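Only one structure is covered here, and it is reproduced in the block below.
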Amino acid sequence: MSMFCRQCEQTAKGTGCTVMGVCGKDDQVAVLQDALTYGLVGIGIYGKMARDLGIKDQETDRFVMEGLFTTVTNVNFDTRRIRALIDTTSVVKGKIKKLFLEAYKQKKGKDFNEVLPDAASWTPAADLNKLIEQAGSLGVRSYAENEDLRSLKELLLYGLRGVAAYADHAAILGQESDEINAFFYKALSAMADNSLGADELVALNMELGQVNLKCMEILDKGNTEHFGHPVPTKVSVGYKKGSAIIISGHDLLDLKQLLDQTRGKDINIYTHGEMLPAHGYPELKKYPNLVGHFGTAWQNQQKEFDNIPAVVLMTTNCIQKPRDSYKANIFTTGLVAWPGVGHVEALDGKKSFAKVINRALELGGFKEDNQQAETMVGFAHNAILSVADKVIDAVKQKKIRGFFLIGGCDGAKPGRNYYTELAEQVPNDCVILTLACGKFRFNTLEFGDIDGIPRLLDCGQCNDAYSAIKIAGALAAAFECGVNDLPLSIILSWYEQKAVCILLTLLSLGIKNIKLGPSLPAFVTSNILNVLVEKFNIAPITTATQDLNKILGEWAVKK
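Residue 1624 is where the sequence shown ends in my numbering, and the numbering goes up by one at each step.
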């Protein structure tokens, strides 16, 4: 067994985890995730060829999507569940292979006999130890001998995992796209294609960026059709006296079902992490049992959940190893899993949270009120564009000098205080847009307003980068210029694969001068980084003061 993982920002020593994942996964989970990915590559090979003949299969589409999402950082740590998915890859591959071979013979009048990459014929061993031995040679280091080509394939794979997460969220809400599903097969098959050169892989990464834009668009549609367009809403951070369930992750439909099932049961529901933006959706905020937000970003959960008299429900990433003090009080659902933790399965798309609710009642809840702060959410594209005239007028009158997008993933690695310091130093005549869990570095600070326009605008979850893109596009249209010509600077923090696909979306739109931190991806080689710098002027963060002075100087030149 040979673990090697470097898909997240916190990878060991900035090079790769080889003994134990910094995220908490052990070497067995890591290599099984490699095997699952390899099985999906095999499906991708046949899936792409089937699509080329006009053959589609929804069951295969959904499995590929969920399989990729399973390998996102901090989602699934349960070897039993991952093993079951690996075994299913053979079944699914057999199905799509059969559909392809039948269609090929019907169209070509002969049997298919071309030689395919090894992934197309790979079969996982029945014995777990032998499967682990198999998996040891199937990781990303096997994707290409040339390190630059391997780097581009890793960038594509990790971005694809992020797209799969958003596509899964959208599918749960009834939103799917044939374009997105087709790209999963195209990108997966590319992992096994040794004929692809750097230019072709760069083009695939840019195509992924556009596919992810479509994915965020349909997810936005799913969320707003189900729950309404977010509206500016003040949220209490802390807790109230009484029984409590804290829901974390990203799945708003899970929250809706939980709110329905706890109505009238004298249980307070709190959001956690990236569920915070839920408070801005009209069809969620109307519930009186949705009382506030508990805690901060994902990396603080072990400390924040320690010994609390409340139940935690994890709907998606990011879960960390639960401490013994709350392991019996945390539940998972959907694709997220941790060994020994209670799991809530869906039945015909619906979930019963009875065991979560009963446990909350048993614990008794918090003994007193403790409101710690307040924050504002609900500034998605619909809310901001509805007052676009006011914002544009403030810019024209020079009351607003410019805009900073400061957001992305939070994490535990040193250096992330940069984002707090930057937000605090942003001049008073500038507006800050934020999104994802990076906002917790500064979202309870007081920033004031400019003629009634709040200086801090929380656009939502990480997928609500779509809102930020729409807002930037509207500003560019209003001022008859390109986005790169606006007094707008993007400073991103990244941690996992959803941040990768968002970055690729921004690059695919031609957006330049992005600053990225707290460190650059370990899987991006110096040669590939040079390409990104040359084409997009992407740069690592330095210090808050130095970067701010540089940005403001560049804005002055634009004027």
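Ideal Cβ positions, reconstructed from N, Cα and C, are used throughout, including at glycine.
If you're wondering where the values come from, they're calculated on a predicted model, not measured in any experiment.
{"Item": "Excluding sequence positions up to five away, which residues of its chain have a Cβ less than 7 Å from the Cβ of LEU1214?", "Value": "ALA1263 and LEU1266"}
{"Item": "Along the chain, where does the alpha helix (DSSP H) that runs through LEU1181 open and close?", "Value": "That residue, LEU1181, is in no alpha helix (DSSP H); it is neither H nor E in DSSP."}
{"Item": "Cβ of TYR1484 within 8 Å of Cβ of ILE1471?", "Value": "yes"}
{"Item": "So, GLN1098 versus THR1136, is the Cβ gap smaller than 8 Å?", "Value": "yes"}
{"Item": "With 16 as the cutoff for other CB atoms within 10 Å, does PRO1353 come out buried or exposed?", "Value": "exposed"}
{"Item": "In chain order, what residues of the same chain have a beta carbon less than 6 Å from the beta carbon of LEU1521, not counting five sequence neighbours either side?", "Value": "ILE1497 and PHE1512"}
{"Item": "Can you tell me which of the three DSSP states HIS1337 falls into?", "Value": "coil"}
{"Item": "DSSP state of THR1076, grouped into three classes?", "Value": "coil"}
{"Item": "Quick check: the Cα distance between PRO1189 and PRO1586, rounded to an integer number of angstroms?", "Value": "31 Å"}
{"Item": "Would DSSP call CYS1082 helix, strand or coil?", "Value": "strand"}
{"Item": "Could you tell me the distance, in whole angstroms, from the CA atom of LYS1600 to the CA atom of VAL1548?", "Value": "16 Å"}
{"Item": "Got a sec, what are the start and stop residues for the alpha helix (DSSP H) CYS1566 sits in?", "Value": "1562-1573"}
{"Item": "How do the stretch 1194-1208 and the stretch 1113-1132 stand: do at least 3 beta-carbon pairs fall below 8 Å, yes or no?", "Value": "no"}
{"Item": "Work out the CA separation of ALA1477 and TRP1559 for me, nearest whole Å.", "Value": "11 Å"}
{"Item": "Assuming VAL1302 contacts VAL1442 (C-beta within less than 8 Å), just tell me the rounded distance between them.", "Value": "No, VAL1302 and VAL1442 are not in contact; Cβ-Cβ is about 11 Å, not under 8 Å."}
{"Item": "Check the DSSP bridge columns for TYR1231 and list the partner residues they point to.", "Value": "Bridge partners of TYR1231: none, in fact."}
{"Item": "Under three-state DSSP, which class holds LEU1557?", "Value": "strand"}
{"Item": "Go to VAL1280, then tell me how far its alpha helix (DSSP H) extends in each direction, as first and last residue.", "Value": "The residue you asked about is not Val; residue 1280 is Cys in the sequence shown. Where CYS1280 is concerned, the enclosing alpha helix (DSSP H) stretches over 1263-1292."}
{"Item": "Per DSSP, which residues does HIS1408 bridge with? Please list them.", "Value": "THR1397"}
{"Item": "Given GLU1124, which residues of its chain have a CB within under 8 Å of its CB, disregarding the five upstream and five downstream residues?", "Value": "VAL1157 and LYS1160"}
{"Item": "With three or more C-beta pairs closer than 8 Å as the rule, is the stretch 1485-1505 touching the stretch 1523-1534?", "Value": "yes"}
{"Item": "LYS1623: which of GLU1433, LEU1553, LYS1279 and HIS1315 sits nearest, CA to CA?", "Value": "LEU1553"}
{"Item": "Let me know the secondary structure DSSP gives LYS1330 once reduced to three states.", "Value": "coil"}
{"Item": "I need the straight-line Cα distance from LYS1286 to LEU1238, nearest angstrom please.", "Value": "9 Å"}
{"Item": "Whose C-beta lies closer than 6 Å to the C-beta of SER1067 among residues of the same chain, with five residues either side of it excluded?", "Value": "GLY1201"}
{"Item": "Excluding sequence positions up to five away, which residues of its chain have a Cβ less than 8 Å from the Cβ of LEU1324?", "Value": "ILE1334, LEU1349, TYR1352, ASN1354 and LEU1355"}
{"Item": "What runs of the beta strand (DSSP E), each 3 residues or longer, lie entirely inside the stretch 1423-1505?", "Value": "1435-1442, 1467-1473 and 1495-1499"}
{"Item": "According to the neighbour-count rule (16 or more other Cβ atoms, all chains shown, within 10 Å of its Cβ), is VAL1406 buried or exposed?", "Value": "buried"}
{"Item": "Only counting the same chain, and skipping five residues up and downstream in sequence, which positions put a Cβ closer than 6 Å to that of LEU1220?", "Value": "ASN1270"}
{"Item": "Do you know offhand how far GLU1272's Cα is from ASN1246's?", "Value": "13 Å"}
{"Item": "Looking at THR1608 and the ligand MG, is the gap between the Cβ and the nearest heavy atom below 7 Å?", "Value": "As far as ligands go, the structure on display features none, and thus does not contain the ligand MG."}
{"Item": "Considering only residues of the same chain and omitting the five flanking positions on each side of GLN1366, which have a CB-CB separation below 6 Å?", "Value": "GLN1385"}
{"Item": "Pull up the CB-CB distance for TYR1223 and GLN1562, whole angstroms please, since I reckon it's below 8 Å.", "Value": "4 Å"}
{"Item": "If you check the beta carbons only, do LYS1090 and PHE1142 fall under 8 Å apart?", "Value": "yes"}
{"Item": "Suppose the cutoff is 7 Å on Cβ atoms and the five residues either side in sequence are ignored; what does the same chain contact list for LEU1164 look like?", "Value": "ALA1115, ILE1120 and ASP1122"}
{"Item": "According to DSSP, simplified to helix, strand and coil, what is ASN1508?", "Value": "coil"}
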